[in-house]
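> Before I ask anything, let me first share the structure, which is written out below as structure tokens.
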Amino acid sequence: MDNPVIRTLLNHRSIRKFTDQKLSEDQIELLVKCAQAASTSSYTQSFSIIGIDDPALKKELRIISGDQPYVEANGGFFVFVADQYRNKKIGERSGIDTRVLDTTQRLTVALGDAAFAAQNMAVAAESMGLGICYIGSIQRDIERTAALLKLPDYTFPLFGLAVGYPDQEPEKKPRLPLKNIYHRNTYAAQLDDAALERYDQQVADYYHSRTGGRREETWTEQIANGLSTPPRLALKPFLEKQHLGRR
1 MDNPVIRTLL NHRSIRKFTD QKLSEDQIEL LVKCAQAAST SSYTQSFSII
51 GIDDPALKKE LRIISGDQPY VEANGGFFVF VADQYRNKKI GERSGIDTRV
101 LDTTQRLTVA LGDAAFAAQN MAVAAESMGL GICYIGSIQR DIERTAALLK
151 LPDYTFPLFG LAVGYPDQEP EKKPRLPLKN IYHRNTYAAQ LDDAALERYD
201 QQVADYYHSR TGGRREETWT EQIANGLSTP PRLALKPFLE KQHLGRR
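The sequence shown begins at 1 in full-length UniProt numbering and counts up by one.
In structure tokens, the structure reads:
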């Protein structure tokens, strides 16, 4: 099927090196409008986008993110925020009890809205010939990130999105076989080991090619090793402090 949208989606790869060219204001406005066009639960639009163009602030976020250079060096950097603060203020103005915003259900609404909006922006950017990279590591020091962005209660910085003109053309990472990710009618708990083994070989070949033999790892090894990575335990108390997901 010769469909430009599908070609863009299937051609995705994360870009971690950008040229010095900055996004124009027109490009930024268009990307934000595309993000806003995403689906939103019950039309609540429970997200906000913070565009970061202050060099000092970008540098701080780079440090928080483990000193990843593409957090600072890109065409534009956006932080997607799960946001119930705006809805809380609207409720208060209307004299409505806003305690429902403390619930886990409303937290999941805001997380979903922010994620839908971000993916819309990502696809729009790639369709414009730009590259993107999601930055979940702004959560490595969640309190510092929130302080830098002056986030009020009822907000949560979900991730950053680096956007810009690619200065590299990485290989496309292979994805899991359909047998191991697509279920029909009910969840198939039995893994397809043969398909996973074939996929492991694909991933091992990918890493070998990408690193010139410096990295030798299968996908299942990567997942298993990742389970020993220290979790970000500060997220739960931060959410509770922000009055999100308390009930």
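By construction, the Cβ of each residue, glycine as well, lies at the ideal position given by its N, Cα and C atoms.
These numbers were taken from a predicted model, which means no experiment stands behind them.
So, using beta-carbon positions, are V71 and F156 closer together than 8 Å?
no
> In the DSSP output, what is V203 paired with across the bridge?
According to DSSP, V203 bridges with nothing at all.
> Within the continuous alpha helix (DSSP H) that includes T220, where are the two ends?
W219 to G226
> Grab me the residues of S127's own chain with a C-beta within less than 7 Å of its C-beta, minus the 5 sequence neighbours each way, in chain order.
T8
> Run through DSSP, which three-state label would D113 get?
helix
> How would you write the range of the alpha helix (DSSP H) that Y85 sits in, first residue to last?
Y85 to R93
> Ordered along the chain, which non-local residues of its own chain (more than five positions away) have a Cβ less than 7 Å from that of K173?
For K173, where only same-chain residues beyond five positions count, the Cβ hits under 7 Å are R13 and Y206.
> Is it buried or exposed for A234, if we count other Cβ within 10 angstroms and need 16 for buried?
exposed
> With 16 as the cutoff for other CB atoms within 10 Å, does A125 come out buried or exposed?
buried
> DSSP on T104, reduced to helix/strand/coil?
Residue state, collapsed to three classes: helix.
> Can you pull the DSSP bridge partners for L161?
Answer by DSSP bridge pairing, in chain order: F78 and Y134.
> Given K17, which residues of its chain have a CB within under 7 Å of its CB, disregarding the five upstream and five downstream residues?
Y70, D167 and Q168
> Skipping 5 residues on each side, what residues in its chain have a beta carbon closer than 6 Å to that of Q139?
R232
> Looking only at DSSP bridge pairs, what is I50 linked to?
Answer is V79, bridged to I50.
> What is the C-beta distance between G164 and N74, in whole angstroms, given that I count them as a contact (C-beta under 8 Å)?
N74 and G164 do touch by the CB rule: their CB atoms are close to 4 Å apart, below 8 Å.
> Do G76 and L23 have their C-beta atoms closer together than 8 Å?
yes
> Please report the residue range of the alpha helix (DSSP H) in which D153 lies.
No alpha helix (DSSP H) holds D153; DSSP gives it neither H nor E.
> From the DSSP output, read off the bridge partner residues of P166.
F18
> Mapping DSSP to helix, strand and coil, what is S39?
Here S39 sits in coil by DSSP.
> For the 8 Å Cβ check, are there 3 or more pairs between the stretch 176 to 191 and the stretch 29 to 44?
Between the stretch 176 to 191 and the stretch 29 to 44, the count of Cβ pairs shorter than 8 Å is below three; the stretches do not touch.
> Using three-state DSSP, classify R210 as helix, strand or coil.
helix
> Considering P230, what are the terminal residues of the alpha helix (DSSP H) in which it resides?
Neither: P230 is in no alpha helix (DSSP H) and is coded neither H nor E.
> Going by beta-carbon coordinates alone, are Q105 and S46 separated by less than 8 Å?
no
> In angstroms, rounded to a whole number, what distance separates the CA positions of I64 and A188?
39 Å
> Taking only three categories from DSSP, how would you classify Q45?
Q45 falls in the coil class under three-state DSSP.
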